[in-house]
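A.B. asks: Before anything else, here's the structure in question.
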Amino acid sequence: MKIHPLGIGRTKVPFGQFYGGLAGADFDEFVTDKDHFIWVPIHAYLLEHPVCGPILVDTGISPEQTEHVEYYRGSIMEHVMDVDEYDLPADQTLTAQLARFGHTPQDISAVIVTHFHEDHVGGLNLLGHAPVHLGADEYAARGEKAFGLVPLAFPPSIESITDWRPIEFTGPALGGFDGSADLFGDGSVIALPTPGHSPGSTSVLVDHRFLLTGDAMYTVRHLAVDDVRAIQIGREDHYVDSIRRIQWLRRAIPDLLVVPAHDDTEYGVRLTAGLATGELSDQDARWAKDWERDTFDEAVRLNPARRPRFIPDPDGGPVGAVS
Ligand SMILES: [Zn+2]
Numbered sequence: 006m007k008i009h010p011l012g013i014g015r016t017k018v019p020f021g022q023f024y025g026g027l028a029g030a031d032f033d034e035f036v037t038d039k040d041h042f043i044w045v046p047i048h049a050y051l052l053e054h055p056v057c058g059p060i061l062v063d064t065g066i067s068p069e070q071t072e073h074v075e076y077y078r079g080s081i082m083e084h085v086m087d088v089d090e091y092d093l094p095a096d097q098t099l100t101a102q103l104a105r106f107g108h109t110p111q112d113i114s115a116v117i118v119t120h121f122h123e124d125h126v127g128g129l130n131l132l133g134h135a136p137v138h139l140g141a142d143e144y145a146a147r148g149e150k151a152f153g154l155v156p157l158a159f160p161p162s163i164e165s166i167t168d169w170r171p172i173e174f175t176g177p178a179l180g181g182f183d184g185s186a187d188l189f190g191d192g193s194v195i196a197l198p199t200p201g202h203s204p205g206s207t208s209v210l211v212d213h214r215f216l217l218t219g220d221a222m223y224t225v226r227h228l229a230v231d232d233v234r235a236i237q238i239g240r241e242d243h244y245v246d247s248i249r250r251i252q253w254l255r256r257a258i259p260d261l262l263v264v265p266a267h268d269d270t271e272y273g274v275r276l277t278a279g280l281a282t283g284e285l286s287d288q289d290a291r292w293a294k295d296w297e298r299d300t301f302d303e304a305v306r307l308n309p310a311r312r313p314r315f316i317p318d319p320d321g322g323p324v325g326a327v328s
């Protein structure tokens, strides 16, 4: 099955939100630190299923959301998030990205959302005709306030959807996971429970090869959960447990490649570029595994040389980069 990463703009986040979880960064810092921002990409994924047709995993952001004050007026989002947190060029909207592959939003036969955060559900307003699969615990938590950085399921982002398909993980154990869900009955798209970042965060295993983690892991470096951790507002124990289960899955499936939604590392950039045709070349796959070997030891501890560091903007601005 072909898998196409869709780059749907980018989001400006505090460095500590992504990488500061073990360094004492907390929610207060997330809200108040205006000096250590980084830009990270926002990805959704188009799966060309041979029987079911085009399937989306996540939907990115919508142009409406970039009008921050207007869109989020009256919500906690208006105050907690920065007005310029999203950047969405016209050629990167969900509609524009689908058009590159000859599709309109109406062609999408099913949607899987990894979780209910705003940078993953913004395109649902174009997909009201489609069934939307998501973890049952995520569906049950919709409407909770301020859990997992932003309100789950800001109403205008999801109100067009009528066919919700909460996922129960009653299928066989897989790797470190006690249960799974074979979403389309052919084993090609398997949902796995990876809670922590949000109550029902779900990862999606495509062709037993690519694990789309949503934000269960922000980047591939977060696999080394004892060395790199995001800020946790929700259940840190669940977050850590989910990543350990992903580590186990990776041992069970040696060819597995982990594909987070916001990976700003050279690994994420090259995998995204390599999948432009929908299939990864053997050369790119070998490169990815070499990169992993250079980055993690057998116990999935991080090579100290690959530890993320904030690199300030040379001109003194608030947005830097990551080493
Ligand atoms: Zn996200």
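Residue numbers (the numbering used here): 6 to 328. Yeah, the Cβ is synthetic: ideal placement off N, Cα and C, and Gly gets one too. Fair warning: this is a prediction, and the values are worked out from it, not measured in the lab.
#1: As a quick exercise: from 275, 51, 310 and 169, pick the residue whose alpha carbon is nearest that of residue 294.
#2: Distance cutoff 7 Å, beta carbons only. Does residue 36 sit that close to anything in chain B?
#3: Among 16, 172 and 79, which has the Cα closest to the Cα of residue 116?
#4: Give me the residue from 248, 34 and 36 with the minimum Cα distance to residue 219.
#5: List the residues that DSSP assigns as beta-bridge partners of residue 219.
#6: So what's residue 132 in DSSP terms, helix, strand or just coil?
#7: For a quick check, are the C-beta atoms of residue 257 and residue 301 less than 7 Å apart?
#8: May I ask you to list the residues that DSSP assigns as paired with residue 207?
#9: Along the chain, where does the alpha helix (DSSP H) that runs through residue 125 open and close?
#10: Is there contact here, the stretch 85 to 101 with the stretch 157 to 167, by at least three beta-carbon pairs under 8 Å?
#11: Which term fits residue 81, buried or exposed, when burial requires 16 or more other beta carbons within 10 angstroms of its beta carbon?
#12: Which residue wins for smallest C-alpha separation from residue 67, given the options 124, 111 and 170?
#13: For the stretch 7 to 27 and the stretch 231 to 238, state whether three or more C-beta atom pairs, one from each stretch, are separated by less than 8 Å.
#14: By the 10 Å Cβ neighbour count, where 16 or more other Cβ atoms means buried, how is residue 316 classified, buried or exposed?
#15: Does the beta-carbon of residue 298 have 16 or more other beta-carbons within 10 angstroms, so that it is buried, or is it exposed?
#16: Considering only the alpha carbon of each residue, which of 177, 279 and 169 lies closest to residue 135?
#17: How would you label residue 120, buried or exposed, when you count the other beta carbons within 10 angstroms and need 16 or more for buried?
#18: Pull every residue with its beta-carbon under 6 Å away from any heavy atom of ligand 1, and keep them in chain order.
#19: Under the rule that 16 or more other beta-carbon atoms within 10 Å means buried, what is residue 75, buried or exposed?
#20: Would you mind working out which of 128, 199 and 39 sits nearest residue 140, comparing C-alpha positions?
#21: Look at the alpha carbon of residue 321 and the alpha carbon of residue 53, and state the distance between them as a whole number of angstroms.
#22: Compare the beta carbon distance of residue 180 and residue 254 with 7 Å and say whether it is the shorter of the two.
#23: Report buried or exposed for residue 278, applying the criterion of at least 16 other Cβ atoms within 10 angstroms of its Cβ.
#24: Nearest CA to the CA of residue 46: which residue from 60, 23 and 40?
#25: Have a look at residue 344 and residue 69 and give me their C-alpha separation to the nearest angstrom.
#26: State the Cα-Cα distance for the pair residue 308 and residue 203, rounded to the nearest angstrom.
#27: What does residue 54 pair with, by DSSP beta-bridge criteria?
#28: Within this structure, are the beta carbons of residue 205 and residue 164 separated by less than 7 Å?
#29: Name the DSSP beta bridge partners of residue 7, please?
#30: Hey, would you say residue 14 sits closer than 7 Å to residue 92, going by beta carbons?
#31: Can you pull the DSSP bridge partners for residue 92?
#32: Bridge partners of residue 138, per DSSP?
#33: Using the rule of at least 16 other Cβ atoms within 10 Å of the residue's Cβ for burial, across every protein chain shown, is residue 288 buried or exposed?
C.D. replies: Taking the coordinates as given:
#1: 275
#2: Absent from the structure is chain B; it holds one protein chain and no more.
#3: 172
#4: 248
#5: 265
#6: coil
#7: no
#8: 198
#9: 123 to 126
#10: no
#11: exposed
#12: 124
#13: yes
#14: exposed
#15: exposed
#16: 169
#17: buried
#18: 122, 124, 125, 220, 266 and 267
#19: exposed
#20: 199
#21: 44 Å
#22: yes
#23: exposed
#24: 23
#25: Nothing about residue 344 can be reported from this structure: the residues present for the chain run from 6 to 328 only.
#26: 28 Å
#27: 58
#28: no
#29: 53
#30: yes
#31: 15
#32: 117 and 170
#33: exposed
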